[in-house]
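Numbering (my numbering), first residue to last: 165 to 450.
Backbone N, C-alpha and C fix where the C-beta goes; we use that ideal spot for every residue, glycine too.
The structure under discussion appears below in the form of structure tokens.
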Amino acid sequence: MSDDKGGGKKTAGVLGDDLALNAKQVTGVDPKRELPVVWAVAKGSFINKLILVPLALIISAVFPIGVTILLMLGGLFLCYEGMEKLAHKWLPHEESDDEHKKKLAAATADENIDIKAYERKKIKGAIRTDFILSAEIIVIALGVAQGESLLTQAIVVSLIAIVMTSGVYGLVAGIVKFDDAGLALVKAGQGDSRFDGFQRKLGQVILFLAPKLMKFLSVVGMIAMFLVGGGILVHGLPFLHHLLEGLNASMGAVMTVMMPVLFNGGVGLIAGVMVLSIVTGMKKLF
């Protein structure tokens, strides 16, 4: 776990879910206020990093094995989070997504609602979510630099934290305004010229793609959770790592490339089922 490229891949694996989750956090906000809300959450995210990065470096310096333990716990959490999303989609639960959207629309249409208070609630919820995702990214990044000098660890973790935060919230801002761009093109293309017709068609395509982009990011993020979480567990548990090496040795060239992906995903799914079962049982018990 000593190359920066590996850390980039693992932290990028969390990116899809991070994007979808944070973009969803600002749905229901007045379109004119979407970018200010995204900026407020981004500032909160940078504050989260300012807390988490020094804390992670202290743990690495004082209790190095703690990084591995946190990395494994982060892997289990990713698997659990992915399985919880699957369970929410396929298993019966108290409130469907459609019902939730209807309640959200009714709440934002209510003239008596305190819009500023609603925004603050949205921002706080998004920053809480970001804290968990930031912790995952920082622990993964620190795991990559484990064994290096404290200065190298600080540089690697800080750079990944800055790049990820800037990239995520820049893209989130683009995603939440994607449909607005489509609507603006449709309105601008109301004339009779060929260029107007092109603008109108392009706007219609964007409006068609905007909701599908959110769904795509959500699916990619969920798959990434199992692959990244499972990969962390496989790398951290010697018996799983040796089992994967044995399977690779008995496979052809094509399967040698595919096997780690399939194996990590399978481990992630199994770990997700186990953790979700334990969490669900504990909730029922207490």
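For residue i, which residues from the same chain have a beta carbon less than 8 Å from its beta carbon, with the 5 sequence-adjacent residues on both sides left out?
i, result
"Ile-350", "Note that residue 350 is Val in the sequence shown here, rather than Ile. Within the same chain, Val-350 has close Cβ partners Gln-363, Arg-364, Gly-367, Gln-368 and Leu-371."
"Val-437", "Met-247"
"Ala-413", "none"
"Ala-348", "Gly-367"
"Leu-199", "Ala-337, Val-340 and Lys-341"
Tell me which same chain residues have a C-beta within less than 7 Å of the C-beta of residue i, skipping the five on either side of it?
i, result
"Ala-251", "Leu-440"
"Phe-161", "Summary: the structure shown does not reach residue 161, with the chain confined to residues 165 through 450, and so no result is reported for it."
"Lys-249", "Met-386"
"Leu-306", "Ala-220, Ser-224, Val-231, Gln-317 and Val-321"
"Pro-204", "According to the sequence shown, residue 204 is Ala rather than Pro. Excluding positions up to five away in sequence, the list reads Ile-287."
"Met-415", "Met-423"
"Glu-245", "Met-389"
"Val-217", "Ile-302, Val-321, Ser-322 and Ala-325"
"Leu-377", "Ile-339 and Phe-342"
"Gly-361", "Gly-353"
In terms of alpha-carbon separation, which member of the options lies closest to residue i?
i, options, result
"Leu-314", "Leu-221, Met-378, Val-202 and Ile-291", "Leu-221"
"Leu-411", "Phe-427, Gly-346 and Ile-396", "Phe-427"
"Val-320", "Gly-331, Tyr-333 and Val-303", "Val-303"
"Ala-345", "Asp-360, Gly-355, Ala-374 and Gly-395", "Ala-374"
"Lys-207", "Ser-298, Lys-280 and Phe-227", "Ser-298"
"Val-431", "Phe-227, Phe-403 and Phe-450", "Phe-403"
"Gly-239", "Phe-390, Gly-445 and Gly-331", "Phe-390"
"Val-201", "Leu-449, Glu-409 and Tyr-333", "Tyr-333"
"Val-392", "Ile-434, Thr-420, Leu-242 and Ile-291", "Leu-242"
"Ile-396", "Thr-444, Ile-296, Val-425 and Val-217", "Val-425"
"Arg-197", "Ala-348, Phe-227 and Arg-284", "Arg-284"
"Glu-300", "Ile-434, Leu-377, Val-226 and Asn-212", "Asn-212"
"Gly-394", "Ala-435, Ser-357, Met-419 and Ile-442", "Ala-435"
"Gly-429", "Val-384, Gly-355, Ala-281 and Ile-296", "Val-384"
Just to confirm the assignment, what range does the alpha helix (DSSP H) spanning residue i have?
i, result
"Ala-345", "342-352"
"Phe-359", "358-400"
"Pro-200", "198-226"
"Phe-450", "Where Phe-450 is concerned, there is no enclosing alpha helix (DSSP H), given that its DSSP letter is neither H nor E."
"Gly-238", "229-254"
Note down, in chain order, each residue of its chain lying with its Cβ closer than 6 Å to the Cβ of residue i, except the 5 sequence neighbours on either side.
i, result
"Gly-230", "Ile-223"
"Met-236", "Gly-400"
"Leu-214", "none"
"Phe-234", "Looking at the sequence shown, residue 234 is not Phe but Leu. Hits under 6 Å: Val-303."
"Leu-433", "Phe-390"
"Pro-228", "none"
"Val-443", "none"
Less than 8 Å between CB atoms is the rule here; does residue i satisfy it with respect to chain D?
i, result
"Gly-429", "In the displayed structure, chain D is absent; only one protein chain is listed."
*Is there contact here, the segment 327-338 with the segment 239-258, by at least three beta-carbon pairs under 8 Å?*
Taking one beta carbon from each stretch, the segment 327-338 and the segment 239-258 have fewer than 3 pairs nearer than 8 Å; the two do not touch.
*Kindly confirm or deny that the segment 336-346 and the segment 295-315 touch, where touching means at least three C-beta pairs closer than 8 Å.*
The segment 336-346 is not in contact with the segment 295-315.
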